[in-house]
Amino acid sequence: MKNIIQLFFLLCVGISYSQTRTAHINYSKLVLLMPETKKADTTLTLLTKNYQSELTRMESEYKIKSEKFKEEEPNMPSVTKELRLKELKDAETTYAKFQEVAKKDVSDKDKVIFKLIFEKAEKAVKDVAIEKGYSYVIDSSKGGYIFLDSKEDIFEAVKQKLGL
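Be aware that the sequence shown starts at -16, since it is given in my numbering, and climbs by one per residue.
Structural data, given as C-alpha cells:
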C-alpha cells in the first residue's frame, strides 16, 4: 500500500511539473524601448539642467562676493568684516541645502516616473504570460540563468502588447 501511495505521489508531481511552462524576456531592453522611458529621461535631464544652472549661478555669486571681500578686507572695520563673513557663510549653507534638495527632488521624480513605467511593462508581461499559458517568466537581462530556449522568448509578444 505504501508503494502505491509513493507511486501515485510521483505521478502527480510529474504531471504537475510537466504542465509548468516557463518563458523569458529581456526586461531592461523592453523598458528602454518604451517611449515613456525616453520622455522620462528628457524630463529628468531638463530638471537636472535647471538645478545645475541655478547652482552655477549661486556659485558664481559666491565667488564674486568672496573676491570682493578679500580685496576690501584689509580696510574693513571689524563689524563690517563679521557681517560679510556671515553673509558668505550663509551663502555656503544655502548652496549646500539647495544642492541637497535638488538631488532629492530629481531622485524622487525618477522613482515616481519609472515606477509607472515598470508597472506598465510588468502588466504587459503578465498579460502575455497569461495569454500564452506561462507559469513563470524569467528576466533574461539579469543573467541569472544557465540556459534559455529562444522559442520561449516573449519579448516580441510583449512589444506588440505595448504597441512598440
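For each residue, glycine too, the CB sits at the ideal point set by N, CA and C.
query, result
"Which first and last residues belong to the alpha helix (DSSP H) in which residue 117 is found?", "Residue 117 -> no alpha helix (DSSP H), and no H or E assigned at all."
"Using beta-carbon positions only, say whether residue 38 and residue 81 come within less than 9 Å of one another.", "yes"
"With distances taken between CB atoms, is the gap from residue 113 to residue 7 smaller than 9 Å?", "no"
"Pick out whichever of 143, 12, 89 has its Cα sitting closest to the Cα of residue 35.", "89"
"Would you list the residues sitting across from residue 5 in a DSSP beta bridge?", "119"
"Do you know offhand how far residue 46's Cα is from residue 69's?", "15 Å"
"Round the Cβ separation of residue 110 and residue 134 to the nearest angstrom and send it over; I've been treating them as touching at under 8 Å.", "Actually they are not in contact, since the Cβ atoms of residue 110 and residue 134 sit about 20 Å apart, beyond 8 Å."
"For residue 104, count neighbouring C-beta atoms within 10 Å of its own C-beta (all shown protein chains included) and say buried if the count is 16 or more, exposed if not.", "buried"
"Could you compute how far the alpha carbon of residue 72 sits from the alpha carbon of residue 58?", "20 Å"
"What is the C-beta distance between residue 9 and residue 124, in whole angstroms, given that I count them as a contact (C-beta under 8 Å)?", "5 Å"
"Does the distance from the C-beta atom of residue 92 to that of residue 30 stay below 9 Å?", "yes"
"Below 8 Å on the Cβ atoms is my contact criterion, and I expect residue 100 with residue 41 to pass it. Report the Cβ-Cβ distance as a whole number of Å.", "In fact, because the Cβ distance is near 33 Å, the residues do not count as touching under 8 Å."
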